[in-house]
Amino acid sequence: MEKSQENRQSRSDIVRARAWFVDWLPAVIGLVLLSLISEFGLFGSAGSWKLFWSLLNLAPALWVVRAVIRSLRRADEYQRRCQLEALAIGFGVLVMSIHTVGLLQAAGVGDLRQLVQISFIVSILIWIAALLFKTPRTR
Amino acid sequence: MKNRLRELRAMRRWSQADLADRLGVSRQTVYAIETGRYDPSLPLAFKIAAVFGEPIEDLFSPDEDTDSKP
C-alpha cells in the first residue's frame, strides 16, 4: 500500500498525461483513417484523387508537430530536458539516415522511396525509445 | 550538487508524489533531484526551499569535486 502510494503519479503528471492523450488522439485517428482509405483505394484514392489523398497525410503530420510542441511547453523543466535530448537523438539519426540514403542513391543502390520511409520510421522509433529509456531510469 | 530533499521529505512523511504535487512538477523530477541526476533551476530550488520552509543554502550544497573545478 505504502509502495503504491510512493509510486503514484503526481497531479501534474495526470493532467499532462490527459492533455497528451487529447492532443495525439486526432492525429492518430486521422493517420489510421487515411491509411485505410489508401490501402483499400476508397474515394478515388487509387485513381484521379491519388495526389489529394497522399497530400492529405500532411494534415495529421502537422497535428503531430503541434502535439509535440504543446507537450514540450506543458512539461516541467526536467521532463523538457529529457524530451529535448530524445528529440536531438531522433533528429541526429534522421539526418545521418537521409545522408546515407543520398550516398546510396549516388551509387545507384536501393529504392529512394523505401529508404526514405525506413529512415523516417526508424528515427521516430529511436526518438520514442530514447524518451522511454530515459523515463524508467527515474522510477 | 548534493541535497537534503529525501531526508526532509521523510521527516514530513511525504511521498515523492506528495512533494511533486506541492511543487507542481512530475514525480520523476522529484526522484531525479533527490538522486542527484538533475540539479533544479534557481526558481524551482527557491520553490523547494519555500515548501520545506528552509533556507536554500541548507537544502543544497556543492559536491566536493565541484569546489575543486577551476
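Keeping their order, the protein sequence lines are chains A and B. Numbering of the first sequence is given in the UniProt record's numbering, commencing with residue 1 and proceeding in unit increments. Numbering of the second sequence is given in the UniProt record's numbering, commencing with residue 1 and proceeding in unit increments. Heads up, the beta-carbon is just placed ideally off N, CA and C, and yes, glycines get one too. What you are looking at is a predicted structure, and each value in this text was computed from that prediction instead of being measured.
Rounded to whole angstroms, what is the Cα-Cα separation between A/ARG16 and B/LEU23? One-based indexing of the first sequence puts residue 16 of chain A at position 16. One-based indexing of the second sequence puts residue 23 of chain B at position 23. Whole-angstrom Cα-Cα distance: 15 Å.
| query | Within this structure, are the beta carbons of A/ALA67 and A/ASP23 separated by less than 8 Å? | reply | As a position in the first sequence, residue 67 of chain A is number 67, starting the count at 1. As a position in the first sequence, residue 23 of chain A is number 23, starting the count at 1. It is a contact, given that the beta carbons lie within the stated cut-off.
Exercise for the section: Flag residue 180 of chain A as yes if its beta-carbon sits less than 8 Å from any beta-carbon of chain B, otherwise no. Expected result: Residue 180 of chain A lies beyond the residue range present for chain A, which begins at 1 and ends at 139; the question has no answer from this structure.
**Prompt:** Using a C-beta cutoff of 8 Å, does A/PHE133 count as contacting chain B?
**Reply:** For the purposes of this step, residue 133 of chain A is taken as residue 133 along the first sequence, with counting starting at 1. Not closer than 8 Å to any Cβ of chain B, the Cβ of A/PHE133 fails to qualify, so no.
- Message: Please report the straight-line C-alpha distance between A/SER35 and A/ASN57, rounded to a whole angstrom.
- Response: The residue you call residue 35 of chain A lines up with position 35 of the first sequence. The residue you call residue 57 of chain A lines up with position 57 of the first sequence. The alpha-carbon atoms of A/SER35 and A/ASN57 are separated by roughly 9 Å.
| said: What residue range does the alpha helix (DSSP H) around A/GLN9 cover? | reply: Counting from 1 along the first sequence, the entry for residue 9 of chain A is found at position 9. Unbroken run through A/GLN9: none, as it is neither H nor E.
Span separating the alpha-carbon of A/LYS50 from that of A/ALA59:
As a working mapping, residue 50 of chain A is identified with position 50 in the first sequence. As a working mapping, residue 59 of chain A is identified with position 59 in the first sequence. The straight-line gap from Cα to Cα measures roughly 16 Å.
**Request:** Excluding the 5 residues preceding and the 5 following A/ALA27 in the sequence, name in chain order all residues of the same chain whose CB lies nearer than 7 Å to its CB.
**Result:** Within the first sequence, residue 27 of chain A is the residue found at index 27, counting from 1. PRO60, TRP63, VAL64, ALA67.
* Measure the C-alpha to C-alpha separation of A/ASN7 and B/THR35 and round it to an integer number of angstroms. => The count along the first sequence starts at 1 and reaches residue 7 of chain A at position 7. The count along the second sequence starts at 1 and reaches residue 35 of chain B at position 35. When rounded, the distance between both Cα atoms is 16 Å.
Would you call the segment 122-135 of chain A in contact with the segment 10-25 of chain B, where contact means no fewer than 3 C-beta pairs closer than 8 Å? no
Can you give the Cα-Cα distance for A/PHE120 and A/MET96, rounded to whole angstroms?
Start at 1 with the first residue of the first sequence, and residue 120 of chain A comes out as number 120. Start at 1 with the first residue of the first sequence, and residue 96 of chain A comes out as number 96. C-alpha separation (whole angstroms): 11 Å.
- Query: At a CB-CB cut-off below 7 Å, which residues of chain A make contact with B/LEU44?
  - Reply: In the second sequence, residue 44 of chain B corresponds to position 44, counting from 1. Going along chain A in sequence order, the residues near B/LEU44 (Cβ under 7 Å) are GLU77.
Next on the checklist: Using only the alpha-carbon positions, how far apart do residue 79 of chain B and B/ASP18 sit?
Outcome noted: Chain B is shown only over 1 to 70; residue 79 of chain B falls outside these bounds and no answer can be derived.
Contacts of A/ASP13 in chain B (Cβ-Cβ under 7 Å) = Locating residue 13 of chain A in the first sequence gives position 13, counting from the first residue. The contacting residues are SER26, ARG27.
Look at the Cβ atom of B/ASP27, then the Cβ atom of A/GLN79, and state whether they are nearer than 8 Å.
Locating residue 27 of chain B in the second sequence gives position 27, counting from the first residue. Locating residue 79 of chain A in the first sequence gives position 79, counting from the first residue. Going by the sequence as given, residue 27 of chain B is Arg instead of Asp. Cβ atoms of B/ARG27 and A/GLN79: not closer than 8 Å.
Does any residue of chain B have a CB that is nearer than 8 Å to the CB of A/SER45? In the first sequence, the residue the question calls residue 45 of chain A occupies position 45. For A/SER45, the answer is no, since every Cβ of chain B falls outside 8 Å of its Cβ.
Query raised in the report: Using a beta-carbon distance below 8 Å, is B/ALA49 in contact with chain A?
Result: By 1-based counting over the second sequence, the position of residue 49 of chain B is 49. It does not: the Cβ of B/ALA49 has no partner Cβ on chain A nearer than 8 Å.
### Query
Comparing the C-beta of B/ALA10 with each C-beta of chain A, is any distance below 8 Å?
Looking up residue 10 of chain B in the second sequence gives position 10. It does not; no Cβ of chain A falls within 8 Å.
| said: For a quick check, are the C-beta atoms of A/VAL101 and A/VAL116 less than 8 Å apart? | reply: Mapped onto the first sequence, residue 101 of chain A falls at position 101. Mapped onto the first sequence, residue 116 of chain A falls at position 116. Cβ distance < 8 Å, so A/VAL101 and A/VAL116 count as in contact.
- [ ] For B/SER61, write down the residues that DSSP places opposite it in a beta bridge.
- [x] For the purposes of this step, residue 61 of chain B is taken as residue 61 along the second sequence, with counting starting at 1. BP columns for B/SER61 point to B/LYS2.
* Asked: Buried or exposed: which applies to A/VAL32, given that a residue is buried once 16 or more other Cβ atoms fall within 10 Å of its Cβ?
  -> Start at 1 with the first residue of the first sequence, and residue 32 of chain A comes out as number 32. A/VAL32 should be labelled exposed.
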